[in-house]
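Q: Just add 42 to wherever you are in the sequence shown, counting from 1, and you've got our numbering.
We treat Cβ as the ideally placed atom computed from N, Cα and C, and that holds for glycine.
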Amino acid sequence: MPLRKSTTRVGITACAAALLAAASLTTAFGSETRDAKTLSAAPLTTWQTNGIVWSIASAHGVVYVGGSFDSVRPPGARPGEREVARKNFAAFDAVTGKLLPCSHSFTRGPDDSVRALDVSPDGKVLYVGGSFGQVDGKGVANAAAIDTGGCSLRKDFRPVVEATVRAIDATDEAVYLGGDFQAVGGRSRRHLASFSPRGALLPFRADIDRPVLAVLAVPDRGKVIVGGDFQQVNGSAESALVGLDPWTGATVASYPDWIPRDVVGVKTLARDGDTFYLGAEGQGTGVFDGRIAGRLSDGKMLWKDSCQGATQAVVPYQGVLYSASHAHNCDSTPGGFLDGRRQHFLANSARDGHLLHWFPDTDDGIGESNGPRTLAMVGKILWAGGEFTTVNGKPQQSLTRFAAGPENAAPEGTPRLAAATTRAGKVALTWRATWDRDNAELTYRIYRDGTLVASPKQRSTWWNRPDMTYTDSVTPGSRHRYTIAVTDGRNTSPASKPVDVTAAAKTRR
């Protein structure tokens, strides 16, 4: 009997130097005429938690958040202000972000947490996994289920899982749990088990030597894709990624040479049609930490980026693969950057993997200092959770959201203008390009005595900000005041500090 699962889941030119710099960036930015359009990099107003968010799922207009936290607080509130008790689990309105009354307490001890969430295809059941021994004081063992209609704890789905559950994927006929465990209800299940929707352990069995961190059930392609820290599956070498029969657990797909052996684990899996995506976390310096796109039908790799900085989550949406990581070196990825500062959100073209111009960011945050940990596309809104405490440089803890607009991120500051004159009636203005989180090309508005005289354009990123110049023609010997502002077409920076200059009366030699 086949398994079924529903899939939801942007006159006057600058000098030649500036033009050359812009031309040199064309390859890095890609062709915007063929790139998918990204979401805005300006975050939506969002509630916060006082700890780490590990998982996000949604059903019927509700977003469920699981993690390691004791309370949530409203947007803009500082830690300790207006906090509402929520023990490792909270629910929010999927559109407005408003906190909802649906609440359960997942506890066990100092390390209790909700690590994995997934909903049934019909959205009626929320499956919860993690490290907990009680829900609202009732005994459970690292897994439970909630009726989404009334937010009530189900009595039927109570598997006894001996250790932490880190991944869940539910179909109409089976619920797959992956994690650290090696037994379920006293029966051997090494790091992966399958249950009926009502909690009965199914015959599915795979012998996996190390923890499973991600599960993607694709029964319409006859397999369950599994990712983790493992190196052996069913007696054969399988480095961090394998395809299993959804009923028996037998190996049906291998991915040799996709993942370097022994040093890399697969942390996240996602699907869009016949394409699946993974994110990796390497152990050590200079190992593979990036993303891979592959074809489900034949197991062919479609593209692979090689950014360094462990990928924690991926989610595809309208031709873009959004990811959460702490990428610090994307030098060999088209559109990428040299080793340096950490960038915690990225957007790859789903078509060929090159990086798109989308750079919202967080800090590393608390815990293991990885920043964002989980992503979920809920309708047209991207929800992100993790251990961060800032978003785009402003306080915001553990949860944030991004949408298509109408607002986008404003340019990051106003350039500092300088002026010089060596030729009769000529004033040379120079400045360094600024950058914008979601617009590659910005317009620089140059004002002479309060009147707009030029609007040169320039492409830039945070790691490539070309020097720009503009030469103005005025009456020899006349005195003028110049300012500059920068706009992305919707947001305009304040005007720069004015620069006063007297044009040369004759050319200086």
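1. Span of the beta strand (DSSP E) holding Thr-88?
2. Measure the alpha-carbon distance for Asp-9 versus Ala-366 and round it to whole angstroms.
3. Helix, strand or coil for Pro-414, going by three-state DSSP, please let me know.
4. Mind checking whether Pro-117 and Thr-88 have CB atoms under 8 Å apart?
5. Quick one: which unbroken beta strand (DSSP E) runs of 3-plus residues sit fully inside the segment 190-236? Chain order, please.
6. Excluding the five sequence neighbours on either side, which residues of its own chain have a C-beta within less than 8 Å of the C-beta of Val-104, listed in chain order?
7. Leaving out five residues on either side along the sequence, give the residues of the same chain with a beta carbon under 7 Å from the beta carbon of Val-203.
8. Helix, strand or coil: which one does DSSP assign to Pro-261?
9. Here's the rule I'm using: 16 or more other beta-carbon atoms within 10 Å means buried, otherwise exposed. How should Gly-447 be labelled?
10. Cα separation between Val-254 and Pro-85?
11. If I measure Cβ to Cβ from Asp-77 and keep anything under 7 Å in the same chain, skipping five residues before and after, which residues do I get?
12. Just how far apart, CA to CA, sit Leu-283 and Ala-322?
13. If we call anything under 8 Å between Cβ atoms a contact, is Glu-454 one with Trp-473?
14. From the DSSP output, which residues share a beta bridge with Trp-345?
15. In or out: Glu-123 buried (at least 16 other Cβ within 10 Å) or exposed?
16. Buried or exposed for Glu-449, please, with buried defined as at least 16 other CB atoms from any protein chain shown within 10 angstroms of its CB.
17. Do the segment 92-106 and the segment 462-471 meet, that is, are 3 or more Cβ pairs less than 8 Å apart?
18. What are the complete beta strand (DSSP E) segments, minimum 3 residues, inside the segment 81-135?
19. To the nearest angstrom, report how far apart Gly-165 and Ala-212 are at their CA atoms.
20. Taking the alpha carbon of Arg-458 as the reference point, which residue from Ala-292, Ala-482, Ile-488 has its own alpha carbon closest?
21. At what residues does the beta strand (DSSP E) containing His-522 begin and finish?
22. So, at 6 Å on beta carbons, what are the nonlocal neighbours of Thr-525 in its own chain, with the 5 sequence-adjacent residues on each side left out?
23. In angstroms, rounded to a whole number, what distance separates the CA positions of Phe-199 and Ala-187?
24. Short of 6 Å in beta carbon distance, which residues of its chain neighbour Cys-193, apart from the five on each side in sequence? Order them along the chain.
25. For the candidate residues Asp-251, Asn-276, Leu-195, whose alpha-carbon lies nearest to that of Arg-240?
26. If you pair each beta-carbon of the segment 495-507 with each one of the segment 419-434, do three or more pairs fall below 8 Å?
27. Run through DSSP, which three-state label would Lys-548 get?
28. On the three-state DSSP scale, how would you describe Leu-363?
29. Measure from the alpha carbon of Lys-309 to the alpha carbon of each residue in Tyr-297, Phe-272, Gly-336, Ser-497, then state which is nearest.
30. Tell me which residue opens and which closes the beta strand (DSSP E) that Lys-562 is part of.
31. So is Val-126 buried or exposed if we call it buried at 16+ other beta carbons inside 10 Å?
32. Can you tell which of Gly-326, Gly-409, Gln-176, Trp-345 has the C-alpha that lies nearest to the C-alpha of Leu-320?
33. Taking the alpha-carbon positions, what's the Thr-75 to Ala-235 distance?
34. Pick from Ser-339, Ser-296, Thr-317, Asp-340: whose alpha carbon is nearest that of Arg-333?
35. Buried or exposed for Gly-328, please, with buried defined as at least 16 other CB atoms from any protein chain shown within 10 angstroms of its CB.
A: Here's the rundown:
1. Segment: none, Thr-88 is in no beta strand (DSSP E) and carries neither H nor E.
2. The structure shown does not extend to residue 9, since the chain spans only 43 to 551, so no value can be given for it.
3. Shown here, Pro-414 sits in a strand according to DSSP, grouped into three states.
4. Yes, they are a contact pair.
5. Qualifying beta strand (DSSP E) stretches, in chain order: 207-212, 217-221.
6. Closer than 8 Å at the Cβ level, and outside the excluded window around Val-104, lie Ala-133, Phe-134, Asp-135, Ala-136, Leu-142, Cys-144, Thr-190.
7. These residues qualify, in order along the chain: Ala-183, Asn-184, Ala-185, Leu-219, Phe-223, Val-226.
8. Correct three-state label for Pro-261: helix.
9. Under this definition Gly-447 is an exposed residue.
10. One Cα belongs to Val-254, the other to Pro-85, and the distance between them is close to 32 Å.
11. Taken in chain order, the residues that qualify are Ser-391, Leu-398.
12. In this structure, the alpha-carbon of Leu-283 lies about 10 Å from that of Ala-322.
13. Going by C-beta atoms, Glu-454 is not nearer than 8 Å to Trp-473.
14. Looking at the DSSP output, Trp-345 shares a beta bridge with Ala-335.
15. Here Glu-123 is exposed. Its C-beta has fewer than 16 other C-beta atoms within 10 Å.
16. That one is exposed.
17. No: fewer than three Cβ pairs fall under 8 Å.
18. The segment 81-135 contains these whole beta strand (DSSP E) runs: 94-101, 104-110, 113-115, 131-135.
19. If I take the Cα positions, the gap works out to 10 Å.
20. Looking from the CA of Arg-458, the closest CA among Ala-292, Ala-482, Ile-488 belongs to Ile-488.
21. Counted as a single uninterrupted DSSP element, the beta strand (DSSP E) harbouring His-522 occupies residues 521-529.
22. The beta carbon of Thr-525 lies closer than 6 Å to those of Tyr-489, Ala-537, Ser-538, Pro-540 in the same chain, with the five residues before and after it left out.
23. Per the coordinates, the alpha-carbon of Phe-199 lies some 6 Å from the alpha-carbon of Ala-187.
24. Cβ within range, chain order: Cys-144.
25. The shortest Cα separation from Arg-240 among Asp-251, Asn-276, Leu-195 belongs to Leu-195.
26. Output reads no: the segment 419-434 does not touch the segment 495-507.
27. Annotated three-state conformation of Lys-548 is coil, per DSSP.
28. Correct three-state label for Leu-363: strand.
29. Nearest C-alpha to Lys-309 among Tyr-297, Phe-272, Gly-336, Ser-497: Phe-272.
30. Since the first and last residues shown for the chain are 43 and 551, residue 562 lies out of range.
31. Its Cβ having fewer than 16 others within 10 Å, Val-126 is exposed.
32. Leu-320 has its Cα closest to that of Trp-345, out of Gly-326, Gly-409, Gln-176, Trp-345.
33. For Thr-75, the predicted structure reports a pLDDT of 40, less than 50, and the residue's modelled location is therefore unreliable. A value from the coordinates is still provided. When rounded, the distance between both Cα atoms is 46 Å.
34. When only C-alpha atoms are compared, the closest one is Thr-317.
35. Note on Gly-328: under 16 other CB atoms within 10 angstroms of its CB, so exposed under the neighbour-count rule.
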